[in-house]
Structure formats: structure tokens, C-alpha cells
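Single-structure report; data block below.
Protein chains: 2
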Amino acid sequence: MRAEIISIGTELLLGQLVDTNAAYLAGKLPELGLDLHFISQVGDNQGRLAETLRRAWDRSDVVLTTGGLGPTEDDVTREAIAQMLGEEMKTAPELEANLRAFFSRRGASMPARNLKQATLVPSATALPNPRGTAPGWWVERGGKTLAAMPGPPHEMQFMWEQEVAPRLARRFHDAVIVSRTIKTWGIGEGTVDEMLTPLLHSNNPTIGVYAKTDGIHLRLTAKAKTREAAGELLRPLEEQVRATMGGSVWGVDDETLEQIVGRLLKERGYALAVMESCTGGLLASTITDAPGSSAYFKGGVVAYDNAVKMAHGVPAQLIEAHGAVSAEVALAMAEGIRRSLGAEVGLATTGVAGPEPLEGKPVGEVHLAVATARGGQASRALYPGTRELIKRRTATAALFLLRRALLES
Amino acid sequence: MRAEIISIGTELLLGQLVDTNAAYLAGKLPELGLDLHFISQVGDNQGRLAETLRRAWDRSDVVLTTGGLGPTEDDVTREAIAQMLGEEMKTAPELEANLRAFFSRRGASMPARNLKQATLVPSATALPNPRGTAPGWWVERGGKTLAAMPGPPHEMQFMWEQEVAPRLARRFHDAVIVSRTIKTWGIGEGTVDEMLTPLLHSNNPTIGVYAKTDGIHLRLTAKAKTREAAGELLRPLEEQVRATMGGSVWGVDDETLEQIVGRLLKERGYALAVMESCTGGLLASTITDAPGSSAYFKGGVVAYDNAVKMAHGVPAQLIEAHGAVSAEVALAMAEGIRRSLGAEVGLATTGVAGPEPLEGKPVGEVHLAVATARGGQASRALYPGTRELIKRRTATAALFLLRRALLES
Numbered sequence: 005m006r007a008e009i010i011s012i013g014t015e016l017l018l019g020q021l022v023d024t025n026a027a028y029l030a031g032k033l034p035e036l037g038l039d040l041h042f043i044s045q046v047g048d049n050q051g052r053l054a055e056t057l058r059r060a061w062d063r064s065d066v067v068l069t070t071g072g073l074g075p076t077e078d079d080v081t082r083e084a085i086a087q088m089l090g091e092e093m094k095t096a097p098e099l100e101a102n103l104r105a106f107f108s109r110r111g112a113s114m115p116a117r118n119l120k121q122a123t124l125v126p127s128a129t130a131l132p133n134p135r136g137t138a139p140g141w142w143v144e145r146g147g148k149t150l151a152a153m154p155g156p157p158h159e160m161q162f163m164w165e166q167e168v169a170p171r172l173a174r175r176f177h178d179a180v181i182v183s184r185t186i187k188t189w190g191i192g193e194g195t196v197d198e199m200l201t202p203l204l205h206s207n208n209p210t211i212g213v214y215a216k217t218d219g220i221h222l223r224l225t226a227k228a229k230t231r232e233a234a235g236e237l238l239r240p241l242e243e244q245v246r247a248t249m250g251g252s253v254w255g256v257d258d259e260t261l262e263q264i265v266g267r268l269l270k271e272r273g274y275a276l277a278v279m280e281s282c283t284g285g286l287l288a289s290t291i292t293d294a295p296g297s298s299a300y301f302k303g304g305v306v307a308y309d310n311a312v313k314m315a316h317g318v319p320a321q322l323i324e325a326h327g328a329v330s331a332e333v334a335l336a337m338a339e340g341i342r343r344s345l346g347a348e349v350g351l352a353t354t355g356v357a358g359p360e361p362l363e364g365k366p367v368g369e370v371h372l373a374v375a376t377a378r379g380g381q382a383s384r385a386l387y388p389g390t391r392e393l394i395k396r397r398t399a400t401a402a403l404f405l406l407r408r409a410l411l412e413s
Numbered sequence: 005m006r007a008e009i010i011s012i013g014t015e016l017l018l019g020q021l022v023d024t025n026a027a028y029l030a031g032k033l034p035e036l037g038l039d040l041h042f043i044s045q046v047g048d049n050q051g052r053l054a055e056t057l058r059r060a061w062d063r064s065d066v067v068l069t070t071g072g073l074g075p076t077e078d079d080v081t082r083e084a085i086a087q088m089l090g091e092e093m094k095t096a097p098e099l100e101a102n103l104r105a106f107f108s109r110r111g112a113s114m115p116a117r118n119l120k121q122a123t124l125v126p127s128a129t130a131l132p133n134p135r136g137t138a139p140g141w142w143v144e145r146g147g148k149t150l151a152a153m154p155g156p157p158h159e160m161q162f163m164w165e166q167e168v169a170p171r172l173a174r175r176f177h178d179a180v181i182v183s184r185t186i187k188t189w190g191i192g193e194g195t196v197d198e199m200l201t202p203l204l205h206s207n208n209p210t211i212g213v214y215a216k217t218d219g220i221h222l223r224l225t226a227k228a229k230t231r232e233a234a235g236e237l238l239r240p241l242e243e244q245v246r247a248t249m250g251g252s253v254w255g256v257d258d259e260t261l262e263q264i265v266g267r268l269l270k271e272r273g274y275a276l277a278v279m280e281s282c283t284g285g286l287l288a289s290t291i292t293d294a295p296g297s298s299a300y301f302k303g304g305v306v307a308y309d310n311a312v313k314m315a316h317g318v319p320a321q322l323i324e325a326h327g328a329v330s331a332e333v334a335l336a337m338a339e340g341i342r343r344s345l346g347a348e349v350g351l352a353t354t355g356v357a358g359p360e361p362l363e364g365k366p367v368g369e370v371h372l373a374v375a376t377a378r379g380g381q382a383s384r385a386l387y388p389g390t391r392e393l394i395k396r397r398t399a400t401a402a403l404f405l406l407r408r409a410l411l412e413s
């Protein structure tokens, strides 16, 4: 079944509001076996909205709208749906009664213009909205379905969960879509794509390749009558993907890198300490994004000033000899912080975040190091992008270096 | 002139990604006098994308696309544009050379897959993308204009600012819309709204009130034939707003809090050092997001472990007496790091980021302190929200405390 989402409101076209409603609904449709083909945002303009609704009604089986159900003149969703269906809006007495009750409960009398919130067309039934004054519309005609929901997310989500999702589930016993995300690191998007070419052409399950700051994510998606059957379809594909990608796979689904590193540290009973220069605190901040990180994270030092590096065990002559942005200094930072904070593992970053080169080293050159009682290892990288991006990529690379060291230990 | 935005990527239809690119571009178009009529999101499907492109090309003067310019088989934006225009894609030698250079700079050879990123159609010229491998396309034909930009926001925004916006400005000499954002802190949205009521009803210039993590932003917007004329409209309104908001105004337009604090430190010739507990490195990371921060930022300590606090001058008995989450300890942290890193100013955070309460203190209770040679001041807050949100709000509040101390010094 083809589904389509239309988000209504001029503020969406002014960039004042990001359309989180569409993302929310998009995330819910796969469980119902509905394929989302289009999302559109339209302003509070009846003509353009009716045009968009007609196209959606023609090409899709299920049309979901959010917004434009308020009492003001700008709210034209009902009018546009009526125009698209060629049906007439009439006030529904029971809706009017509910609406007047809603206002009197608040000790207010209903403004006349709210009356349009009590209207329906012949093909529509009302969807209750206990969280606001605007009932939704549920329209069924000629095998097509349309659900019009209010724009405020807390009203829309409540109406979706209580009314729209259950009705759609009853209406379509079609199929269920189950997805699995496999997260990899260390191989470029183009190369991953080439490695997986033999698998990319299957239609069910499918594979999507997405480049993220923590590596290439592979989204495996299967469609079947039941969750179990979809899982059966996914399992062999996941095995093939894992066999192809080998050691570059580091996590699945919602697992974050900092959570995985934290688990490895806990399993080994290791405490972690970090000294960072170019990441400027982002590495420690990322580590502490994981709930419960206080159990294994001793703390860190942001050593922007070389004196701070020296105060934590980096020999001055090493900085003079190799420069602060060097593998030698990165290793000394990791070992130094490990000792000075009394942790089993030390992790360090030093590099040029930009915008200016440093010590003749180009913007984006970074050195990472990890140190344990068994010694240290360093790695070098050259990252493109903004200051913020170089910080982010360096912090991520440092966590991957730590992960490798922990897996080897 | 009618503009239309098309955001491309299946992940947008899976609800895994909120379409911030469309919101960014929507916010930029008014300055160019372009009216945005539609935004759509389409998956990585050449047929559906070509259909959406054709409709946009027919009904709009300017079409902006983001995404689908990557090297994988899923990336079909170029193919769909070529199909829509009925033109043939050919490899452009100079683009291929740039691409190979990009990879060799990273010591890698270019995967064959990436070659399609070096293609053009006859109506298209390439838009340079120094931040990635995917050049954009600029298409002009029959009075219509199309700009295809990459999906990663940092690449897209750079290409917009450097290439697309200037070309659109040269191409269309319609009315110009100029905006000015005035950033305030310390007054709630409702109160700001009341204070500005007399000004809120003007049509040109207009005022928009937006709540952000760094306070309430007031967006003043004027429309006129020229930038100068629009500026003339804005000036008196900005004066009225500044007179009304008084000391709560801390910045304008793209100024960030960390940049402003950095400027105040430089003006006074002060060096800054931080010790943070609940913010876990985010405070230092925010400070170092400002280019040139190495000139005034000595560094910081992330003291998750009390032993680390003590090693930097926090008396053990103070922690025993008041607990690590207290004004007394925050003050001792600020003074301690100021002395141990030899800085004029020390800034500290301690609190409960959650998810679990600590020392009987509720999740969200935080204490901030700033210390100079003239003494210290502390402040306490209780923040709602997630771990990440509490970290963010605490770091922001700490920078505002620092700003106040610097203005008083």
C-alpha cells in the first residue's frame, strides 16, 4: 500500500519550524506495512493545498495530513479536502456540542469562528482530539483513505496512537516491514557499495547504504506477512553482509559508539582517562553522553596549552623535538593522563582543528593515541571540513582506536 | 519568483532523519525575494524523483534539491535531472581530475563508483564542493533555474553560501528581504512577547519571537527594493527593541555566546580555565568551537572522579561537608582550576545530569561558579529534560555567568 504525508502550514515554508510531524509519522508507517512514497509541505493556501491533496489522492492509497485544522481563517485543510472530494461541509451537531462543552469546561464561551471545527463532509467521520479543540477527519472513499490530524505534535501523536494507527491496522492486513541497521567503520561509501553490489539488487529484503559521522550504516529491510517471517528474510542477508564486511562491523540498530566502548571497558574492569587538544573537550563530552559513564570514566584534561600537557607527563623536549601535533606527543599524552589520573587506559587527541594551520601542519591533520599497561598505539588522519566537523571526526576516530585496543586486550 | 525545494533520500521517508536542509534553505530564500511554494521529500527512486522534478520544473521558477549526489547506486539525483531534461550525462575531465586529486590527497585511490560524481549534462555547470567529493549542479534552461546540492548539511550550507545564493541574487533583482536577529537571555518568551506587543503588529518590518537554548531570539525582517532601503526600515525598529529589552540583549545575527565570551576575555587580556563535572567536557568543547580560542583558553579538566577535583585544589572536607553537587564545591572548583592552570578566570560546573539522582540531589540540579582574582560567584539551577539537554543547558548557563562576571570586571 502506497502512503503519502502532507504537512500543512506556512511557517514550514518560512524555515521557522522543522517538520518533525512528518518524521514521526514516517517512522511509524513501516510497522503497518505501508510504503511511504512522498512527503510534502504546503502553506496555508487552499488552492495549492487542494492541488497537492488531489495528486496525493490519485497516486496513493493512504494520505496523512497534519495541520490546518485550527479555527482561524488561515486554517483551510477541511475546506481543501472538501474541494478535492467535491463534497459539502456541514456542521455536525454532536461535534458542536462537544466543542461548546470543551469551552464551558474552561469557563469560556465558544468564539463563533471555532464552529468550523465542528464540520464534516459526507465521506468523513470525526477523530476525537481530547488534547485540543480540533477533531481530525477520517475519510474513506473508493478504496482510498485519508486521515487529517492537527499540527501540534502532542495532539497529533495522541490522535495517531489512539485513532489513526489502529484504524489503519484494521483496514490493511497487508504486511509488516522490519529493519536492521548494521554499522561499519573504516571503509568508504563507494567501496562498501562495490563490496555489496551482488546483494544490492534484491528487492525483498533490501539494503540501503548511508554515510554517517560514525561510519557507513547498512539498513536491511524486509517485508512479510508477520514480524517473524520478515525476521526470517533478514537473517540470511545479515549473515552475508557481516561475512562481507567482516571486522568493520561495530554495532547494530540504536547502539552508539560511546555505549559500546563503555561496555567493553566495564567488561574488562578498566577505568578510562583522556587528554585532548584539538577536540577541545568533545571527546570527553561524547564519552559522558553514555548514561552510567561515571562507572568507568575517571575524567579528562583539555590541554590547549602545552604547559597543561607537560603538567600531565608530556616531556617538554618531546614537544620541542616533534611539535605538539605529532604521534610522539599523542602517545605521551595518552600515557601521561593514564598515569596522572590512575586509570588502566589513556586516550589522547592532538591536531589542527583550524581555521589556521599550526606548526606548519595543515588544518585537519590529527594524531590519536591509546595507552594501556601493555604499551601504546597511535594513528594519524587528515580530515576535511569545518572546525566543528574536524573535532567530531577526531573524537569518533579516537573512540574507534580505543575500541580496537580494548578488543585486542 | 516561485521557488520549490526537493529533499532527496530514502532515510527521510523512514523517519530516521529530520529534514533540516529544507528548513535551512526555506529560511534563506526570503532575503533573495523568492517565494517558497512547496517543499517535498522523495526517496532514492529515479522514477519518482524524475516525476517530482518535472512537476517542480513546470510550476516553479527556481528548484533547489539536496541529497542524492553521492557515489552509490542509491544516489540518482543526477540521473533523474538528466531524465527530466532529456539530456545525456557525460564525464567532465576537469571534474574527474579534481576528484582523483581529492582521493590522492588522502592517500587513497578513487573507487570506480565515484566517477559518476564527475559527470554533467549540457545545461549544467558544476558547483564546487571543497567540503566533499560531490560537486553540485547549476542548471539554467528556458528561464528556469535548478541547483542540485549535496545532502550533508555542512557541505550543502557551504555550497549555498559560496555558490548558489550569490548566483540566485545576480539572476533575480526582485524585492530584497533583510533580517536582523537580536539575541536575549534571562527573560521568558511570554514576557518578551508582552514587552514587545506594541511593536508586534507592524507589517514591514516584522518581528518574530523564537525560543532557543541560548535565550529568546527576536528576528526583525524588512522588505524593500534594495538592501539599503530595507536597512533603513530596520534601523529604527532595532533601536526600539534594544531600548525595550535593555541589558538582556547579548548578541546579534550569527554571533555565538562562545565567540562573545572569547572577545570579552581577549579585550581584558584574561586567560580562561574550566573544571567541569556534569557537563563532562561539553563546556570546554563549546568554548573551543570558537575559532582562535587557543589565544585565551588554557584548557580544562573533566573531573568526573572526586579524586580529580581534589588533585586540582578542591578540599576533600568540602566535598564531605557539602557534597560534590553544591555551590561550595563549584566555587572551589572554579578557584582551584584558575590557580592550577595559572589563568585569570576559572569556570566550573557540577550537577546531576542523570538518569540517576546523586547524593540525594535530583536529576537536573546544577551548580555553576566563576572565579577571578577578585573572588568568585556561584549560581544554582534545576533543569528538566534529558541527559544531553541538561548538559547543554548547564554549559550555556555557565557561559552566561562568565559573561556577566567579565562585564562587571
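For the record, the sequence lines run as chains U and X.
Take 5 as the starting number for the first sequence in our numbering and just add one per residue.
Take 5 as the starting number for the second sequence in our numbering and just add one per residue.
For glycine and all other residues, C-beta sits at the position ideal for the given N, C-alpha and C.
Taking the alpha carbon of residue i as the reference point, which residue from the options has its own alpha carbon closest?
| i | options | result |
| --- | --- | --- |
| L300(X) | L38(X), V312(X), V278(X), K313(X) | In the sequence as presented, Leu is not what sits at residue 300(X); that position holds Tyr. Checked all of L38(X), V312(X), V278(X), K313(X); the closest Cα to Y300(X) is V278(X). |
| E262(U) | R396(U), G235(U), L222(U) | R396(U) |
| A27(X) | A328(U), E15(U), L372(U), R272(U) | E15(U) |
| S383(X) | A402(X), G368(X), A377(X), G389(X) | A402(X) |
| T248(U) | L411(U), E167(U), T188(U) | T188(U) |
| P134(X) | Y387(U), L410(U), N25(U), A409(U) | Y387(U) |
| G31(U) | G19(X), A375(X), G379(X) | G19(X) |
| A409(X) | R391(X), G379(X), T390(X) | G379(X) |
| A385(U) | T225(U), E271(U), V367(U) | V367(U) |
| R343(U) | P97(U), E35(U), L276(U) | L276(U) |
| T129(X) | I191(X), G194(X), V143(X) | V143(X) |
| I341(U) | V306(X), I341(X), T260(X) | V306(X) |
| L68(U) | E259(U), K120(U), R6(U), P202(U) | R6(U) |
Going along chain U in order, which residues have a C-beta closer than 9 Å to the C-beta of residue i?
| i | result |
| --- | --- |
| E332(X) | Those within 9 Å of E332(X) in chain U number zero; the least Cβ separation is about 20 Å. |
| E77(X) | D197, T201, L204, H205, V213 |
| G317(X) | Ordered by position in chain U, no residue passes the 9 Å Cβ test against G317(X), which lies about 13 Å from the chain. |
| T292(X) | C282, T283, G284, G285, L286, V306, Y308, A357, R391, K395 |
Going along chain U in order, which residues have a C-beta closer than 8 Å to the C-beta of residue i?
| i | result |
| --- | --- |
| Y28(X) | G19 |
| G219(X) | Result: empty, since nearest Cβ-Cβ is about 17 Å, beyond 8 Å. |
| Q45(X) | A26, F42, I43, S44 |
| N118(X) | G194 |
Cβ atoms of residue j and residue i: under 9 Å apart, would you say?
| i | j | result |
| --- | --- | --- |
| G155(U) | L29(U) | no |
| R52(X) | E8(X) | no |
| A116(X) | E198(U) | yes |
| V66(U) | L150(U) | yes |
| A122(X) | E92(X) | no |
| A288(U) | G273(U) | no |
| L372(X) | L345(X) | no |
| S206(X) | L241(X) | yes |
| V180(X) | G37(X) | yes |
| G327(X) | E339(X) | no |
Between which residues of its own chain and residue i is the CB-CB distance below 6 Å, once the five residues before and five after are set aside?
| i | result |
| --- | --- |
| T283(X) | T353, K395, T398, A399 |
| L17(U) | G47 |
| M153(X) | T70, G140, M160, M163 |
| F176(U) | M5 |
Considering only residues of the same chain and omitting the five flanking positions on each side of residue i, which have a CB-CB separation below 8 Å?
| i | result |
| --- | --- |
| S297(U) | E262, G266, I291 |
| V196(X) | T188, V213, I220, L222, M249 |
Only counting the same chain, and skipping five residues up and downstream in sequence, which positions put a Cβ closer than 7 Å to that of residue i?
| i | result |
| --- | --- |
| G235(X) | V182 |
| G329(X) | Note that residue 329(X) is Val in the sequence shown here, rather than Gly. If we look at V329(X) and ignore the five residues flanking it on each side, its Cβ neighbours are T354, G355, V356, L362, E363, K365, E369, H371. |
| Q45(X) | S11, L16, L17, D23 |
Name the chain X residues whose beta carbon is nearer than 7 Å to that of residue i?
| i | result |
| --- | --- |
| A307(U) | G303 |
Closer than 7 Å by beta-carbon distance: list the chain U residues that pair up with residue i, in chain order.
| i | result |
| --- | --- |
| V22(X) | V22, T24, A27 |
Starting from the beta carbon of residue i, find every residue of chain X whose beta carbon is closer than 9 Å, and list them in chain order.
| i | result |
| --- | --- |
| P361(U) | Near P361(U) there are no residues of chain X at all, since even the closest Cβ is about 13 Å away, more than 9 Å. |
Which residues in chain X sit within 8 Å of residue i, going by Cβ to Cβ distance?
| i | result |
| --- | --- |
| L57(U) | Simply none; closest approach about 13 Å. |
Does the segment 303-322 of chain X come close enough to the segment 354-367 of chain U to have 3 or more Cβ pairs within less than 8 Å? Cβ pair count under 8 Å is below three, so no.
Check whether the segment 55-63 of chain U and the segment 84-104 of chain U are in contact - that is, three or more C-beta pairs closer than 8 Å. yes
Counting pairs of beta carbons, one from the segment 224-231 of chain X and one from the segment 254-273 of chain X, are three or more of them closer than 8 Å? no
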